[in-house]
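Right, one structure below, let's go through it.
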Amino acid sequence: MPDHDEHHARNDAVGLDIRHDSERDQTLYADIFTALPDRIALVDRGCRLLAANPAFLAAIGREQDESIGQSFMTLCGASALTTLVYRHLGTCLDQGRPIVEDWLETTGDDRREHEVRLLPCRAPRGEVTGIVIEVRDVTAMREAERRSLQSAAVYSATSEGVLITDPEGIVVAVNAAFTQITGYSESEILGQKPSLLNAQWHSRGFFVSLWRRLLRQGSWQGEIWNRRKNGEIYRQRLTIRRVLDSRGKLVNFIGLFAERSASNGTPRPAEHLIHYDALTKLPNRLLLESRLDHAIELGRRKESPLALFIVDLDHFSHINASLGYQIGDDLLRAIGLRLRETIRPSDTLARLRADQFALLFEEIDETEEVVLIANRLKTLMSAPVWIRGHQLHVNLSIGIAVSTELREDRRALMANAESALRHVKRQGRNGFKILASAPDQIAREHQRLLDRLRAALGTSELQLHYRPGMDMSTETFDSVAVSIVWESPELGVIAQERLLPLAEESGLILELGDWALTQACRQLQDWIDRGLKIKRLVVEVGEVQLTRGDLARTLAQRLEDCPAAATRLDLEFSERLLVKHREQIAEVFQGLNELGVGICLGEVGIGWTAPAVLQRLPIRTLKIHSSFIEALPDAHHELAVVEALIAMAQALGLEIRADGVRTKEQQYQLLSIGCLKAQGDLFGEPLNAAQFESWLDPPPAPKKPAPLGN
Numbered sequence: 001m002p003d004h005d006e007h008h009a010r011n012d013a014v015g016l017d018i019r020h021d022s023e024r025d026q027t028l029y030a031d032i033f034t035a036l037p038d039r040i041a042l043v044d045r046g047c048r049l050l051a052a053n054p055a056f057l058a059a060i061g062r063e064q065d066e067s068i069g070q071s072f073m074t075l076c077g078a079s080a081l082t083t084l085v086y087r088h089l090g091t092c093l094d095q096g097r098p099i100v101e102d103w104l105e106t107t108g109d110d111r112r113e114h115e116v117r118l119l120p121c122r123a124p125r126g127e128v129t130g131i132v133i134e135v136r137d138v139t140a141m142r143e144a145e146r147r148s149l150q151s152a153a154v155y156s157a158t159s160e161g162v163l164i165t166d167p168e169g170i171v172v173a174v175n176a177a178f179t180q181i182t183g184y185s186e187s188e189i190l191g192q193k194p195s196l197l198n199a200q201w202h203s204r205g206f207f208v209s210l211w212r213r214l215l216r217q218g219s220w221q222g223e224i225w226n227r228r229k230n231g232e233i234y235r236q237r238l239t240i241r242r243v244l245d246s247r248g249k250l251v252n253f254i255g256l257f258a259e260r261s262a263s264n265g266t267p268r269p270a271e272h273l274i275h276y277d278a279l280t281k282l283p284n285r286l287l288l289e290s291r292l293d294h295a296i297e298l299g300r301r302k303e304s305p306l307a308l309f310i311v312d313l314d315h316f317s318h319i320n321a322s323l324g325y326q327i328g329d330d331l332l333r334a335i336g337l338r339l340r341e342t343i344r345p346s347d348t349l350a351r352l353r354a355d356q357f358a359l360l361f362e363e364i365d366e367t368e369e370v371v372l373i374a375n376r377l378k379t380l381m382s383a384p385v386w387i388r389g390h391q392l393h394v395n396l397s398i399g400i401a402v403s404t405e406l407r408e409d410r411r412a413l414m415a416n417a418e419s420a421l422r423h424v425k426r427q428g429r430n431g432f433k434i435l436a437s438a439p440d441q442i443a444r445e446h447q448r449l450l451d452r453l454r455a456a457l458g459t460s461e462l463q464l465h466y467r468p469g470m471d472m473s474t475e476t477f478d479s480v481a482v483s484i485v486w487e488s489p490e491l492g493v494i495a496q497e498r499l500l501p502l503a504e505e506s507g508l509i510l511e512l513g514d515w516a517l518t519q520a521c522r523q524l525q526d527w528i529d530r531g532l533k534i535k536r537l538v539v540e541v542g543e544v545q546l547t548r549g550d551l552a553r554t555l556a557q558r559l560e561d562c563p564a565a566a567t568r569l570d571l572e573f574s575e576r577l578l579v580k581h582r583e584q585i586a587e588v589f590q591g592l593n594e595l596g597v598g599i600c601l602g603e604v605g606i607g608w609t610a611p612a613v614l615q616r617l618p619i620r621t622l623k624i625h626s627s628f629i630e631a632l633p634d635a636h637h638e639l640a641v642v643e644a645l646i647a648m649a650q651a652l653g654l655e656i657r658a659d660g661v662r663t664k665e666q667q668y669q670l671l672s673i674g675c676l677k678a679q680g681d682l683f684g685e686p687l688n689a690a691q692f693e694s695w696l697d698p699p700p701a702p703k704k705p706a707p708l709g710n
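Going by the UniProt record's numbering, the sequence shown opens with residue 1, and the numbers climb by one from there.
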């Protein structure tokens with residue numbers, strides 16, 4: 001056996017050989033190592049450092065001479081990178097296959113994303129003698145990927161048409177809105193030049209000037225006339241920009257356009273989403289109110305009265321219940337078409353909600369003309385309506401307000417028409433009533449309504465109703481949406497969409513909102529205590545609650561008595577509030593997040609919040625506006641918007657939920673494009689607490705009594 005001194009001499013020789021080989025290897029690879037920005041290290045089978053480039057040494061804060069021969073653990077400490085390397089070291093050495101894994105490096109507030117590669121290093125005979133560790137910073141690349149996903153979602157969802165060409169002007173991409181506006185499908189326009197849309201309206205000099213400005217300044221903006229596929233000429237607001245790469249080379253031209261009405265120059269697609277009903281394509285309440293304000297002002301100047309009709313379809317709910325929502329929807333469209341026949345071009349026909357329409361007639365000569373119009377409506381609807389083989393007879397209840405005083409405003413006229421409609425219903429429906437009360441009388445009646453609401457607060461007249469939400473993929477109940485209902489003995493049932501404006505007007509909205517939040521927390525706590533499987537309860541929050549109340553502090557106080565409710569409670573905010581109160585809402589969201597309360601953004605698709613804004617906020621769920629869902633499965637533009645919103649939610653890691661699902665066809669289409677969560681009439685109507693408990697946990701069927709013996 002060798003003596004002790006000989007053994008140490010051999011060890012020293014091995015150490016010298018290692019250092020000698022290491023120095024020789026570093027000389028061999030110095031140029032490559034020095035040039036690469038990636039961190040690169042070569043370790044032996046014992047995970048001792050044999051070579052490293054300057055980027056790796058700078059990252060660990062050590063010099064080359066003191067690092068060679070040291071273990072990776074000694075050099076990098078007990079870091080996440082060390083754990084990753086040692087976890088995969090055996091696999092890489094024994095199986096000889098490369099390993100790729102992500103690593104998030106956190107230094108203070110700085111977070112960097114890396115891709116770590118472990119590559120087997122082989123000797124000339126093929127045996128694995130060590131591994132090369134490569135650490136690449138991919139933060140910018142991953143951020144670019146995320147931005148690309150977000151941009152793709154916005155590109156698909158925007159209501160403005162987008163057209164992209166290559167440097168030679170050949171179309172390489174268009175979005176859904178382009179197809180909606182021009183009539184050309186993607187397959188028809190790709191590979192063509194934009195001149196396919198040319199209406200031959202502008203002179204050659206116009207286009208020479210356009211291109212000169214575009215190439216010199218990088219962009220052009222203005223109005224232009226183009227031609228749809230069907231030959232129709234239309235006007236659009238167009239912005240064209242050139243796109244250069246990092247070396248200044250031209251790579252694309254991008255055109256962004258919105259159609260403008262030939263009469264008033266208003267952009268069509270975005271306005272249509274906000275101001276028109278998706279089902280009937282008629283103006284909605286928002287647009288009606290705007291036109292009513294304008295008509296009242298015009299009537300004052302001309303000293304000419306106007307009439308507002310509010311029309312209800314009698315017993316429409318029976319048709320929905322017996323024949324289904326598809327028949328009901330088709331009937332609403334047919335009624336809309338019939339009602340159009342009674343109005344002049346200057347008048348307005350709108351759909352207010354469900355089975356309720358409104359007609360605004362300007363410059364009415366006398367009350368007798370109003371009576372003639374009402375009778376014409378009744379005569380028009382006396383003929384049956386044929387829907388999918390069903391012969392339907394529809395009667396109308398009509399409330400009419402006539403402006404007889406120059407001091408009347410929109411609110412007074414609406415209240416008067418609604419009061420007249422209630423009178424018709426109390427008299428047995430299928431008729432009309434005209435009210436032309438003086439403004440003071442209307443104001444007194446409206447004030448009595450507000451007084452009744454004030455008296456109802458805190459009584460059993462106000463109730464919370466609960467609507468189930470579903471996971472459509474498993475058809476299982478997964479959430480509850482809360483709404484407030486006023487069951488007045490005198491006025492009947494007043495739903496939330498009418499109740500909340502009354503509460504805001506009377507100054508009771510904060511008190512009403514606080515009451516609803518308190519009741520919801522108590523009910524949720526009670527259900528949890530009793531073992532009912534409530535995963536999530538969603539309560540809607542209004543603008544006044546957001547801007548005038550300390551919402552997070554108020555909720556924290558309510559949750560003191562309901563400690564188990566916080567993690568199963570979601571507050572829902574309309575997307576328009578996020579657009580309008582971005583800074584304030586961010587602070588509120590943070591406070592709610594600290595309480596453990598989830599945040600749902602409702603009515604998504606109307607406000608078009610940027611994905612970058614959503615990414616910075618602690619939002620759990622996006623709820624697609626019901627107007628988009630109501631138009632499915634036939635409306636291609638609304639489908640494109642829904643698909644884009646789903647893609648955006650998936651890119652941001654958010655849950656997506658559809659609001660207003662009413663048919664199986666809508667359910668299947670949503671499932672096919674990746675939306676699993678939904679709520680709507682298909683899954684259940686809003687129920688009071690007792691009814692909801694029965695729905696959730698129905699009593700067992702009574703057992704059949706056993707036959708008596710002899």
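Using N, Cα and C, we set each Cβ at its ideal position, and we do this for glycine too.
As assigned by DSSP and simplified to three states, the class of residue i
| i | result |
| --- | --- |
| N264 | Confidence is the limiting factor: at N264 the pLDDT is only 42, short of 50, which leaves the residue's position unreliable, though a coordinate-based value still follows. Coil. |
| D102 | strand |
| Y466 | strand |
| C47 | coil |
| Y184 | coil |
| N198 | strand |
| R548 | helix |
| D659 | strand |
| P439 | With a pLDDT of 47 at P439, under the threshold of 50, the predicted position of this residue should be treated as unreliable, and no value is reported. |
| E575 | helix |
| P54 | helix |
| residue 741 | Because residue 741 is not part of the residues shown, which for the chain are 1 to 710, the question remains open. |
| C675 | coil |
| T165 | strand |
| H637 | helix |
| Q70 | coil |
| E259 | strand |
Chain-order list of residues whose beta-carbon lies under 7 angstroms from that of residue i (same chain, five-residue window excluded)
| i | result |
| --- | --- |
| R112 | E105, D137, T139 |
| L323 | H390 |
Close-in-space but distant-in-sequence residues of the same chain around residue i (CB under 6 angstroms, 5 per side omitted)
| i | result |
| --- | --- |
| L622 | L601, V604, A649, L654, I656 |
| A278 | S627, E630, A631 |
| S219 | R241 |
| F692 | Y466 |
Beta-carbon contacts of residue i that lie in its chain and below 8 angstroms, excluding the five residues immediately before and after
| i | result |
| --- | --- |
| E271 | Because the pLDDT at E271 is just 46, under 50, the model does not fix this residue reliably, and the value given afterwards should be weighed accordingly. So no residue of the chain qualifies. |
| T82 | F72, M73, C76 |
| E362 | A295, L298, G299, S304, L306, S346, D347 |
With 16 other Cβ atoms within 10 Å as the buried cut-off, status of residue i
| i | result |
| --- | --- |
| E638 | buried |
| N175 | buried |
| A631 | buried |
| M414 | buried |
| A358 | buried |
| K433 | buried |
| T158 | buried |
| E540 | buried |
| G96 | exposed |
| S672 | exposed |
| L16 | For L16, the predicted structure reports a pLDDT of 38, less than 50, and the residue's modelled location is therefore unreliable. The matter cannot be settled from this model. |
| residue 787 | As shown, the chain starts at 1 and ends at 710. That puts residue 787 outside it, with no answer to give. |
For residue i, the residue or residues it bridges with in DSSP
| i | result |
| --- | --- |
| P120 | I131 |
| N252 | V243 |
| W527 | None, per the DSSP bridge assignment. |
| E113 | L104 |
- Item | Three-pair Cβ contact test at 8 angstroms for the segment 543-555 versus the segment 572-589 | yes
- Task: Check whether the segment 479-493 touches the segment 505-520, counting contact only when three or more Cβ pairs, one atom from each stretch, lie closer than 8 angstroms.
- Result: yes
- Task: Please determine if the segment 111-128 and the segment 84-93 are in contact, where contact requires at least 3 C-beta pairs separated by less than 8 angstroms.
- Result: yes
- Message: Would you call the segment 40-47 in contact with the segment 65-73, where contact means no fewer than 3 C-beta pairs closer than 8 angstroms?
- Response: yes
- Could you say if the segment 496-510 and the segment 422-438 meet the contact criterion of at least three C-beta pairs nearer than 8 angstroms? no
- Item | Any 3 or more C-beta pairs closer than 8 angstroms across the segment 215-230 and the segment 183-198 | yes
- Using 8 angstroms as the threshold, is the segment 459-476 in touch with the segment 673-692, meaning 3 or more CB pairs across them? yes
- Query: With contact counted as at least three CB pairs below 8 angstroms, one residue from each stretch, are the segment 529-539 and the segment 551-563 in contact?
  - Reply: no
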